[in-house]
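Colleague:
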Amino acid sequence: MEIPMIYYVVVSTVMFFAGVYGFVTRKNLLAILISLELMLNAVDINFVVFNRYLFPQQLEGFFFTLFAVAIAAAETAIAIAIIINIYRNIRNIKVDDLDKMKY
Amino acid sequence: MEYSLIILLLPMLLFFVLGIGGHKMSHRTAGLLGTGGLFVITALSYAVAAQYFTQPRVEGIYPTLIPFHIEWLRFTEWLHIDLGILLDPISVMMLVVITTVSCMVHLYSFGYMHGEMGFQRYYAFLSLFTFSMLGLVVATNIFQMYIFWELVGVSSYLLIGFYYTKPAAVSASKKAFIVTRFADLGFLLGILLLSYYTKTFDFAVLTSGEVSLAATTAGKTFLGISVASWAMALVFMGGAGKSAMFPLHIWLPDAMEGPTPVSALIHAATMVVAGVYLVARLFPIYVTTPEVLTMITVIGAVTALYAAVVACVQTDIKRVLAFSTISQIAFMMVALGVTTEMQGHGALGYMASMFHLFTHAMFKALLFLGAGAIIHSVHSNEMSAMGGLRKYMPFTHITFLIACLAISGIPPFSGFFSKDEILAAAFEKSAFWGIWLSLVAGLTAFYMFRLYYNIFWGEEAHHEHTPHEAPKTMTIPLMFLAAVTCVAGFIPFGHFVTAGGYSYDIHLDWTVASVSIVIALAAIVLATWLYMRPNDKPARMADSMRRLHTWAYHRFYLDEVYMFVTHKIIFRRICEPIAWFDRHVVDATMNLMAALTQSASYRIRTLQSGRLQAYATVFLLGALFIAFVLLCVW
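The listed protein sequences derive, respectively, from chains B and H.
Residue numbers are given in numbering that gives the first Met the number 0: position 63 of the first sequence equals residue 62, and the series is strictly consecutive.
Residue numbers are given in numbering that gives the first Met the number 0: position 22 of the second sequence equals residue 21, and the series is strictly consecutive.
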């Protein structure tokens, strides 16, 4: 028996909004980064599921997910490098202290 | 005569060399370079003149030569601007005049400007002026003439304002530039009208009779005056500005703020006769518009009288000479104005005008250079600081006396011959102008000898140190010009330059000549009686004509009239309202827009807080809002 599509969609929705909540409320840059990854992965799940259930003959959704994973890895590497540099500069990675780029 | 191009290019080269590299040279090098260059140009000009006037005549006239010609800008079939060199009797004559005087002034300046700050700059400007003036006289078309016309205006401006730390010199240079520019506006309009109807700029075509302005503008009138007359009158306006004709003469007396050799070169001998030259150049067209010639006669005659009266009471010796220059140029203008035909008896005035231009350039340059020598030794322009200088400055005294006799019209000096021709031409036209000019000639003799006696005779002023004769570099030009003044009258000028180009034998009309000599002698005797020995007669005479004296001393308040018209009427009634509109309506609209943008920006800029999570929240809310709208409302 196949698991119905709605189950996957519920899981990805929960993951996505968990990510959104974490992105908006957490103060630590690393936690924000993790929340970001959560949102990204929720979207990836959606891609795979929709591809699998709605267009079984095609592969675009799978490949898109693969690309997204690769890019997420690269992006994380860069983000962590930036966070390390921020830490070296201000000895702190709290997002509230990073409001220099304003008017 | 291809080498005539060098005459034009060498001064330009000198200008660039002295202008760019001058400050690295010593005064001596710069002066030698400038003067040496001018000697070369002068020699070349004499060679051109000799070659030109010894060539065989074609059908009784010297042919017009164009040894160099290029098309510079081509716009349409007939609208193209060319550059070139045109040699005909008057341009060759002008070449000789300009290079001779310029050469003498260069040499003279060596002594006069000795040790002056900006010596190299001075020589650079002199070269620029010489280049521009030569380009003006050899122009092949009216547009080239206009270009060089403006260039001489610029060099005149630069040289009047040479002592740029002196406020009087600065304002004088501005005045000269603005007044002549204003006149040049008329000149430009005249050029456009003229070439619009004749479809050419070329002097050769314009003056040969191939195209006729009268024919192409036949029947066209503006304000009741024919278009041909408008065109020629507007062209004359340009000439009147440069040649300081009433009422555009106001810049010339102030231009005396420049160094004295500059006054001799630009404001006596060469640039100020450009207007006369312009009228002479276009004379075949002027002949077809007799009403413009009448206007020229009237303006010239009024100017001649006005300037002579004012010159009688001025106390600054350079101003006396300036007004005398205005008066003498007016003589040349009148001589052109009374010319009624291209050949025959009525054409005498043209030759007389050119002859007077030639002789006047020499003796007026001599007078100015003499005045420069005097100023150099007593350090003042005022007559009251002079007196009795004949003992200290013998060379200057003798040469100045020769020039005074020449300008007064005493034979055998050059001025007599040319002025006599002008008077004869005026009498030819009508007795009225003849008598008018004879009276002005008498006034000329009077004010020149008033000047002479006040400088060299009369009461000796207290000098801080004994006046001394000028150095050799200054006296040699004086003696050379004095020699020219002595012999120039015997040049068979009518053989070289006449209106139609045919040879003409000058024969003195002894009735006219004797009358003018008697008038001149009477004026000289009067001046001798009044000014030779210190006495109270001049003061008593001034008292008896108090009002006339005051008015003449203040130049009949013409400067004040100009000031009133410009400041009180044009500035206040026209310029200020326009300025108000510009500031309060045009600018204000723009300022309002800028202010609105700025205040709006100040208000909304706090949205850019730099807080990442605030951005994310707003973004999220926005996304939710759009999703809501799309799902529920759409």
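The C-beta atom is built at its ideal place from N, Cα and C for all residues, glycine as well.
Provide the residue span of the beta strand (DSSP E) that contains residue 79 of chain H, from first to last.
Modeller: Looking up residue 79 of chain H in the second sequence gives position 80. Segment 79-86, the beta strand (DSSP E) holding residue 79 of chain H.
Colleague: Give me the Cα-Cα distance between residue 538 of chain H and residue 451 of chain H, rounded to the nearest whole angstrom.
Modeller: Sequence index remark: in the second sequence, residue 538 of chain H carries index 539 (1-based). Sequence index remark: in the second sequence, residue 451 of chain H carries index 452 (1-based). Distance between the alpha carbons of residue 538 of chain H and residue 451 of chain H: 18 Å.
Colleague: Under a Cβ-count criterion, where at least 16 other Cβ atoms within 10 Å of its own Cβ denotes burial, should residue 45 of chain B be classed as buried or exposed?
Modeller: Numbered from its first residue, the first sequence carries residue 45 of chain B at position 46. Counting Cβ neighbours within 10 Å, residue 45 of chain B comes out buried, since at least 16 surround it.
Colleague: Quick one: which residues of the segment 86-101 of chain B get their C-beta closer than 9 Å to a C-beta of chain H? List them in chain order.
Modeller: So the close ones are 94, 95, 97, 98, 99, 100, 101.
Colleague: Do the segment 278-285 of chain H and the segment 328-340 of chain H make contact, defined as three or more Cβ pairs closer than 8 Å?
Modeller: Enough Cβ pairs lie closer than 8 Å, so yes.
Colleague: Relative to the alpha-carbon of residue 560 of chain H, which residue among H:193, H:546, H:606, H:247 has its alpha-carbon at the smallest distance?
Modeller: On the second sequence, residue 560 of chain H is found 561 positions in, with the first residue counted as 1. For the residues H:193, H:546, H:606, H:247, the minimum Cα distance to residue 560 of chain H belongs to H:247.
Colleague: So who's on the other strand from residue 375 of chain H, going by DSSP bridges?
Modeller: Taking the first residue of the second sequence as 1, we reach residue 375 of chain H at position 376. Answer by DSSP bridge pairing: none, since residue 375 of chain H is not bridged.
Colleague: Measure from the alpha carbon of residue 43 of chain H to the alpha carbon of each residue in H:97, H:543, H:609, then state which is nearest.
Modeller: Taking the first residue of the second sequence as position 1, residue 43 of chain H is located at position 44. When only C-alpha atoms are compared, the closest one is H:97.
Colleague: Using 10 angstroms around the beta-carbon of residue 109 of chain H, count the other beta-carbons present and answer buried if the total reaches 16, otherwise exposed.
Modeller: Locating residue 109 of chain H in the second sequence gives position 110, where the first residue counts as 1. Its Cβ being crowded by 16 or more others within 10 Å, residue 109 of chain H is buried.
Colleague: Check residue 368 of chain H in the structure and name its three-state DSSP category.
Modeller: By 1-based counting over the second sequence, the position of residue 368 of chain H is 369. Three-state DSSP puts residue 368 of chain H in a helix.
Colleague: Do the CB positions of residue 400 of chain H and residue 412 of chain H come within less than 8 Å of each other?
Modeller: In the second sequence, residue 400 of chain H corresponds to position 401, counting from 1. In the second sequence, residue 412 of chain H corresponds to position 413, counting from 1. Cβ distance not < 8 Å, so residue 400 of chain H and residue 412 of chain H don't count as in contact.
Colleague: Mind checking who residue 315 of chain H pairs with in its DSSP beta bridge?
Modeller: Translated into the one-based positions of the second sequence, residue 315 of chain H becomes position 316. Answer is H:381, bridged to residue 315 of chain H.
Colleague: Please report whether the beta-carbon of residue 22 of chain B lies at a distance below 8 Å from any beta-carbon of chain H.
Modeller: Looking up residue 22 of chain B in the first sequence gives position 23. For residue 22 of chain B, the answer is yes, since a Cβ of chain H falls inside 8 Å of its Cβ.
Colleague: Strictly under 8 Å for the Cβ-Cβ distance: is residue 104 of chain B near chain H by that measure?
Modeller: Not covered by the structure: residue 104 of chain B. The range shown for chain B is 0 to 102.
Colleague: Less than 8 Å between the C-beta atoms of residue 103 of chain H and residue 276 of chain H, yes or no?
Modeller: Position 104 of the second sequence, counting from 1, holds the residue named residue 103 of chain H. Position 277 of the second sequence, counting from 1, holds the residue named residue 276 of chain H. No, they are not a contact pair.
Colleague: Residues of chain B with a CB under 7 Å from the CB of residue 608 of chain H: which are they?
Modeller: Sequence index remark: in the second sequence, residue 608 of chain H carries index 609 (1-based). What residue 608 of chain H touches in chain B: 98, 101.
Colleague: Tell me which residues of the segment 592-619 of chain H have at least one Cβ-Cβ distance to chain B shorter than 8 Å, keeping chain order.
Modeller: Listed by position, the residues of the segment 592-619 of chain H near chain B (Cβ gap below 8 Å) are 604, 605, 607, 608, 609, 610, 611, 612, 615, 616, 619.
Colleague: Check each candidate in H:37, H:81, H:359, H:322 and name the one with the smallest Cα separation from residue 201 of chain H.
Modeller: Residue 201 of chain H sits at position 202 when you count from the first residue of the second sequence. For residue 201 of chain H, the nearest C-alpha among the options comes from H:81.
Colleague: According to DSSP, simplified to helix, strand and coil, what is residue 27 of chain B?
Modeller: Your numbering for residue 27 of chain B matches position 28 in the first sequence. Residue 27 of chain B falls in the strand class under three-state DSSP.
Colleague: How would you call residue 327 of chain H, buried or exposed, if buried means at least 16 neighbouring beta carbons within 10 angstroms?
Modeller: Stepping through the second sequence from its first residue, residue 327 of chain H is reached at position 328. Flag for residue 327 of chain H reads buried.
Colleague: What does the alpha-carbon distance come out to for the pair residue 414 of chain H and residue 579 of chain H?
Modeller: Here residue 414 of chain H refers to the residue found at position 415 when the second sequence is read from its first residue. Here residue 579 of chain H refers to the residue found at position 580 when the second sequence is read from its first residue. Spanning the two alpha carbons is a distance of roughly 55 Å.
Colleague: Going by beta-carbon coordinates alone, are residue 29 of chain H and residue 37 of chain H separated by less than 8 Å?
Modeller: Residue 29 of chain H sits at position 30 when you count from the first residue of the second sequence. Residue 37 of chain H sits at position 38 when you count from the first residue of the second sequence. Result no, Cβ atoms of residue 29 of chain H and residue 37 of chain H do not sit closer than 8 Å.
Colleague: Opposite residue 93 of chain B in the DSSP bridges: which residues?
Modeller: The count along the first sequence starts at 1 and reaches residue 93 of chain B at position 94. According to DSSP, which records beta bridges pairwise, residue 93 of chain B is partnered with B:27.
Colleague: Taking residue 635 of chain H as part of the alpha helix (DSSP H), name the residues at either end of that continuous run.
Modeller: The structure shown does not extend to residue 635 of chain H, since chain H is modelled only from 0 to 633, so the question has no answer here.
Colleague: For residue 492 of chain H versus residue 361 of chain H, is the C-beta distance shorter than 8 Å?
Modeller: Reading the second sequence from its first residue, position 493 is the one you call residue 492 of chain H. Reading the second sequence from its first residue, position 362 is the one you call residue 361 of chain H. Contact flag unset, no.
Colleague: Per DSSP, what kind of secondary structure is residue 140 of chain H in: helix, strand or coil?
Modeller: Position 141 of the second sequence, counting from 1, holds the residue named residue 140 of chain H. Of the three classes helix, strand and coil, the one that applies to residue 140 of chain H here is strand, per DSSP.
Colleague: Give the DSSP-derived three-state secondary structure of residue 62 of chain H in the structure shown.
Modeller: For the purposes of this step, residue 62 of chain H is taken as residue 63 along the second sequence, with counting starting at 1. Here residue 62 of chain H sits in coil by DSSP.
Colleague: Please state whether DSSP places residue 454 of chain H in a helix, a strand or coil.
Modeller: What you label residue 454 of chain H is simply residue 455 of the second sequence in a count that begins at 1. Correct three-state label for residue 454 of chain H: helix.
Colleague: Roughly how many angstroms lie between the CA atoms of residue 454 of chain H and residue 387 of chain H, to the nearest whole one?
Modeller: One-based indexing of the second sequence puts residue 454 of chain H at position 455. One-based indexing of the second sequence puts residue 387 of chain H at position 388. Straight-line Cα distance between these residues: approximately 7 Å.
Colleague: Output the residue ranges of the alpha helix (DSSP H) runs that lie fully inside the segment 535-560 of chain H and measure 4 residues or longer, sorted by chain position.
Modeller: Entirely contained in the segment 535-560 of chain H, the alpha helix (DSSP H) runs reaching 4 residues are, in chain order, 536-543, 545-552.
Colleague: Determine the DSSP secondary structure at residue 337 of chain H, reduced to helix, strand or coil.
Modeller: One-based indexing of the second sequence puts residue 337 of chain H at position 338. Looking at residue 337 of chain H - three-state DSSP - the assignment turns out to be coil, as it is neither helix nor strand.
Colleague: Compare the C-alpha of residue 206 of chain H against each of H:287, H:133, H:268 and name the closest.
Modeller: Position 207 of the second sequence, counting from 1, holds the residue named residue 206 of chain H. Looking at the Cα atoms, H:287 is the closest of the given residues.
Colleague: Count the CB pairs spanning the segment 539-548 of chain H and the segment 291-304 of chain H that are closer than 8 Å, and state whether there are at least three.
Modeller: No: fewer than three Cβ pairs fall under 8 Å.
Colleague: Could you tell me the alpha carbon to alpha carbon distance between residue 238 of chain H and residue 520 of chain H, rounded to whole angstroms?
Modeller: As a first step, residue 238 of chain H must be located in the second sequence, where it is residue number 239. As a first step, residue 520 of chain H must be located in the second sequence, where it is residue number 521. When rounded, the distance between both Cα atoms is 33 Å.
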